[in-house]
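> This structure is in structure tokens; I'll ask about it shortly.
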Amino acid sequence: MEWFRAEQRQLPWRESKDPYRIWVSEIMLQQTKVDTVIPFYLNFLEKFPTPKALAEAEEDEVLKAWEGLGYYSRARNLQSAVKEVHEVYGGKVPNDPEKIKKLKGVGPYTTGAISSIAFGIPEPAVDGNVMRVMSRVLWITEDIARPATRKIFEAAIREVISHEDPSSFNQGLMELGALICTPTKPKCLLCPVREQCVAFENGVQEELPVKSKKSSTKLKKYTTLVIQREDGKYLIEKRPSTGLLAGLYQFPMIEQLKATDARSTYIQSEIDREYGLALEVESDIFTEVHHIFSHLKWDLEVRKAKTATQKTPENMVWLTTEELNQFAFPVPHQKIRQLLLS
DNA sequence: CAAACGTGGCT
DNA sequence: TAGCCAAGTTT
1 MEWFRAEQRQ LPWRESKDPY RIWVSEIMLQ QTKVDTVIPF YLNFLEKFPT PKALAEAEED
61 EVLKAWEGLG YYSRARNLQS AVKEVHEVYG GKVPNDPEKI KKLKGVGPYT TGAISSIAFG
121 IPEPAVDGNV MRVMSRVLWI TEDIARPATR KIFEAAIREV ISHEDPSSFN QGLMELGALI
181 CTPTKPKCLL CPVREQCVAF ENGVQEELPV KSKKSSTKLK KYTTLVIQRE DGKYLIEKRP
241 STGLLAGLYQ FPMIEQLKAT DARSTYIQSE IDREYGLALE VESDIFTEVH HIFSHLKWDL
301 EVRKAKTATQ KTPENMVWLT TEELNQFAFP VPHQKIRQLL LS
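Numbering follows UniProt numbering, with no gaps: position 341 of the first sequence is 341.
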């Protein structure tokens, strides 16, 4: 805690003890680096300064503020939970871990983080940093990829957490993991708990934590259509409200399951069959986009198309060039949008 | 419990 | 280049 108080970074969410602001920061920081979060955090709180402002916003507006940050269910769950706080708790985040834990998008880590940082309650906040630091300090060799392992670290933290300043204790452990006890090349000579570290004592700090590997990404190929009608507007599809990139907007895509699915005759018949749109698909490829997600890879073959119809299929909308920027697109489709706007 | 769920930076 | 990693949660 002494090390943390002296060495901690100045970060936007450390300038306020407003539980709402702590909450927003903790959701954004899930699986996301500090440097990535900062600009999103500042913009988000400018747009939605209070639980009330977020509760009353349009979901599309919330997603737009999250555009490019990833894991978009975080944004939708956060707004849903804030609505609950607004309705059930009068707009104030409850000062009780059991109630906090029930909020959508708030799991064991975030419960501990909000409880300790915003309310000074001595609850463990076990994230990847804490498991790395403690696996080294205590030479714990359990596989941290397994859900059950988190409980081992929570039990260890409960034994030593400060009841005077649980906020500095939890944040200090995470800050230590971020700045000193790093995944590779940990700066042990600068570490304030080097003397207590069993892994350092035995020279095995680089072997910890033990973490099993995840399965590799799977490839999906799509023909992606930039469909423009006579007044210049583009046809944009809103993704379903569940699953991958839920609620985001994109250029319509047809999956290529076999080689012939890339032909314009196939594309045209598919669009006619699914949406009743008569399309003239160009034979040239406008651009290609390749994108790697956490668990899958997209290869997009983008082609331009024209249509004369005024019909608007379900879950689609015609947008002007300017309006394209008002909706949240996933990164691969941002690349296409950027080409059209340049 | 394993897998789904984004993105960008680093090795 | 391919894989790993980052203040995890939900299904």
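Think of the CB as a built atom: it goes at the ideal place given N, C-alpha and C, for glycine as much as any other residue.
Does the Cβ-Cβ distance between Leu-296 and Lys-220 come in under 8 angstroms?
Against a cut-off of 8 angstroms, the Cβ pair of Lys-220 and Leu-296 comes out as a contact.
> Check whether the segment 11-22 and the segment 187-202 are in contact - that is, three or more C-beta pairs closer than 8 angstroms.
no
> Check whether the Cβ atoms of Thr-307 and Ile-227 sit closer than 8 angstroms, and answer yes or no.
yes
> If you follow the beta strand (DSSP E) that His-333 is in, where does it begin and where does it stop?
It is not in any beta strand (DSSP E) - His-333 instead sits in the alpha helix (DSSP H) that spans 331-341.
> What's the call for Ala-145, buried or exposed, on a 16-neighbour Cβ count within 10 Å?
Residue environment for Ala-145: exposed (fewer than 16 other C-beta atoms within 10 angstroms of its C-beta).
> Would you mind giving the Cβ-Cβ distance between Ala-305 and Leu-225, rounded to the nearest angstrom? I have them listed as a contact below 8 angstroms.
5 angstroms
> If you compare alpha carbons, which of Gly-247, Glu-2 and Leu-340 is closest to Ser-168?
Minimum Cα distance to Ser-168 is reached at Glu-2.
> Using CA coordinates, which residue listed in Val-93, Gln-8, Ala-55 and Glu-7 is at the minimum distance from Asp-18?
Val-93
> Among Ser-241, Lys-214 and Trp-139, whose alpha-carbon lies nearest the alpha-carbon of Asn-315?
Ser-241
> State buried or exposed for Trp-214, treating a residue as buried only when at least 16 other CB atoms are found within 10 Å of its CB.
What sits at residue 214 in the sequence shown is Lys, not Trp. With fewer than 16 other Cβ atoms within 10 Å, it is exposed.
> Threshold first: 3 residues or longer. Then list the beta strand (DSSP E) segments lying entirely within the UniProt domain "HhH-GPD" (28-179), N to C.
none
> Please state the DSSP three-state secondary structure of Ala-328.
coil
> If you compare alpha carbons, which of Arg-136, Glu-154 and Ser-162 is closest to Trp-200?
This sequence places Phe at residue 200; Trp is not what is there. Nearest option by C-alpha distance: Arg-136.
> Sorted by chain position, which residues of the same chain lie with C-beta nearer than 7 angstroms to Phe-286's C-beta, five sequence neighbours on each side aside?
Cβ-Cβ distances below 7 angstroms link Phe-286 to Val-226, Val-302, Arg-303 and Lys-304 in the same chain, with the five nearest sequence neighbours on each side left out; the list follows chain order.
> Under three-state DSSP, which class holds Leu-244?
coil
> Mind the definition here: the segment 48-56 touches the segment 80-95 only if three or more C-beta pairs lie below 8 angstroms; say whether that holds.
yes
> With 16 other CB atoms within 10 Å as the buried threshold, where does Ile-161 fall?
buried
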